[in-house]
Each structure stands twice: as structure tokens, then as C-alpha cells.
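Participant: When the count follows my numbering, it moves up by one through the sequence shown with no breaks and lands on 215 for the last residue. From the three backbone atoms N, C-alpha and C, an ideal C-beta is built for every residue, glycine too.
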Amino acid sequence: MEESIDLAISRRELLIIGASSVTATSASAADQRPPAPPTAMDPGHMAEVSLDVNGQAHTLKLDTRTTLLDVLREHLHLTGTKKGCDHGQCGACTVIVDGRRINACLSLAVMNGGARITTIEGLGQPAHLHPMQAAFVKHDGYQCGYCTPGQICSAIAMIEEVRQGVPSHVTADLTVRPLLSAEELRERMSGNICRCGAYSNIADAISEVAGATP
2 MEESIDLAIS RRELLIIGAS SVTATSASAA DQRPPAPPTA MDPGHMAEVS
52 LDVNGQAHTL KLDTRTTLLD VLREHLHLTG TKKGCDHGQC GACTVIVDGR
102 RINACLSLAV MNGGARITTI EGLGQPAHLH PMQAAFVKHD GYQCGYCTPG
152 QICSAIAMIE EVRQGVPSHV TADLTVRPLL SAEELRERMS GNICRCGAYS
202 NIADAISEVA GATP
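1) Are G222 and G81 touching if we call contact CB-CB under 9 Å?
2) Using DSSP bridges, identify the partner residues of N104.
3) Check M133 in the structure and name its three-state DSSP category.
4) DSSP on S201, reduced to helix/strand/coil?
5) Tell me whether Q57 sits in a helix, a strand or coil according to DSSP, three-state version.
6) With contact counted as at least three CB pairs below 8 Å, one residue from each stretch, are the stretch 201 to 212 and the stretch 180 to 189 in contact?
7) Could you say which of I153, Q165, C145 and S108 lies nearest to E122 if we only look at CA atoms?
8) So which of G56, L79 and T68 has the shortest CA-CA distance to D87?
9) Is it buried or exposed for R101, if we count other Cβ within 10 angstroms and need 16 for buried?
10) Helix, strand or coil, according to DSSP, for M47 in the structure here?
11) Any idea what DSSP makes of I153, helix, strand or coil?
12) Less than 9 Å between the beta carbons of T119 and V54, yes or no?
13) Thinking L70 and L79 are a contact (beta carbons under 8 Å), I'd like their distance in whole angstroms, please.
14) Which of the three DSSP states, helix, strand or coil, is assigned to R189?
15) Just how far apart, CA to CA, sit K83 and G151?
16) Beta strand (DSSP E) containing T119: first to last residue?
17) Please report how far the alpha carbon of L61 lies from the alpha carbon of N113, in whole angstroms.
18) Taking the alpha carbon of S155 as the reference point, which residue from V98, A48, C145 and I17 has its own alpha carbon closest?
19) For Q126, write down the residues that DSSP places opposite it in a beta bridge.
20) Who are the near neighbours of E185 in its chain, counting only those whose CB is closer than 8 Å to its CB and skipping five residues on each side?
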């Protein structure tokens, strides 16, 4: 009888010891876990950003990790600029910043404070198209149209690059102003992908406008 009492006590003690060890292990593991990452709306990641988009001033309070593309589409509702690959490889998100074309998906909004940003909406309207927009319509330089805003913004800035004498990877002579040959055009527009394959029509549209540009 005495032996069975000792056995019951020993079992109770064993259970207590086991429960204590599990609690201690869990507490130790919790101590070793890294702190939870801050949420997207953590005040430490917010900043006030002033943007000049298509001639209009905007002051926004943004998460500093927000891309220019997401600000244009989600905050300013300028959905002409498209989100394609979101990795800077397709050119659908091309906009013009201070006269230079950039991939909006690779640029943070806070990096563009005070810059002049032009999207497809700022180039022209249906009743008064930009010459490049009109040329794309004339030459049927699009099919699904998804890449067209980026193609047009890129083409306009690219022609200005040529006018300023900015060389490309295929420019043969760096001492003279490059000409917009077929090879130069292909190289300079290679960052803008048309999945429908309307490249020949796009090239015709760009060449027409470039020919009329002094």
C-alpha cells in the first residue's frame, strides 16, 4: 500500500516536471524569436511627399516604401500607367521624370519629390492628342493597348535623348550626334515590350514623329 502511494506521488512529480520543462522551452523559444516586422502603416515609415504630376501639385502622406507606380495608380488614380512585370523588365510603367524616362515600378515615390512627372494622361487628350499619340493611332501601333502608354512615353523621351546627343549601346561614333536609324530605334526602345508584336507599326509611328522633330 505504501509502495503504491509512492508511485502515485512520483507520477505526479513527473508530470509537474514535464509541464515545467515545456513551459521553460516555450519561453526560451519566444525570447529567441526576432521582433515582428513593422506594419505598412508604422509611423516610422511614413513621410509627406510633394509630387508635381502632369502640372498639378500633390502632397501625400505615404509609406516611404511605396513605389511611384503605386502612387500614380492607387493614390492619384492615374491608371494609364500600367503595372506589368513590376520588375522593370517590360516598360509598361514608363513615365517621364524631368524629361527622362524611368520605370515607375523601380522608383520610390519619395525619390521624386519636387520632380516634374509626366504620365500618359499629361501628354494629350482625345480632342487634342500629342503628335506621338496621333502617330500611334495612324499607324495602328497597338493591339491590346496595354503597353501603349509606356511605349509612347518612352518614345517621346527617347527622341529627346537623340536630339541631345545621348548615345546608346549601338552608337558607332560617340563624338557625333547619333541619328535615329532602325538599329538605334530598336536598341533604344528595347526596354518596352509589346506582347502583341506590333513592333513594326510602333517603329513607323516613332519614325514619323522623329522625322518631324528638329
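Facilitator: The answer reads as follows:
1) Given that the chain is displayed from residue 2 to residue 215, the structure contains no residue 222 and the question cannot be resolved.
2) Per DSSP, T95.
3) helix
4) In this structure, S201 counts as helix in the three-state DSSP scheme.
5) When DSSP states are grouped into helix, strand and coil, Q57 belongs to the strand group.
6) Contact between the stretch 201 to 212 and the stretch 180 to 189 is present, with at least three C-beta pairs closer than 8 Å.
7) I153
8) The candidate whose alpha carbon is nearest that of D87 is T68.
9) exposed
10) strand
11) helix
12) yes
13) Going by Cβ atoms, the distance from L70 to L79 rounds to 10 Å, so no, they are not a contact pair.
14) Here R189 sits in helix by DSSP.
15) 8 Å
16) R117 to T119
17) Their Cα atoms are separated by approximately 12 Å.
18) V98
19) H129
20) The beta carbon of E185 lies closer than 8 Å to those of V163, S169, V171, T172 and P179 in the same chain, with the five residues before and after it left out.
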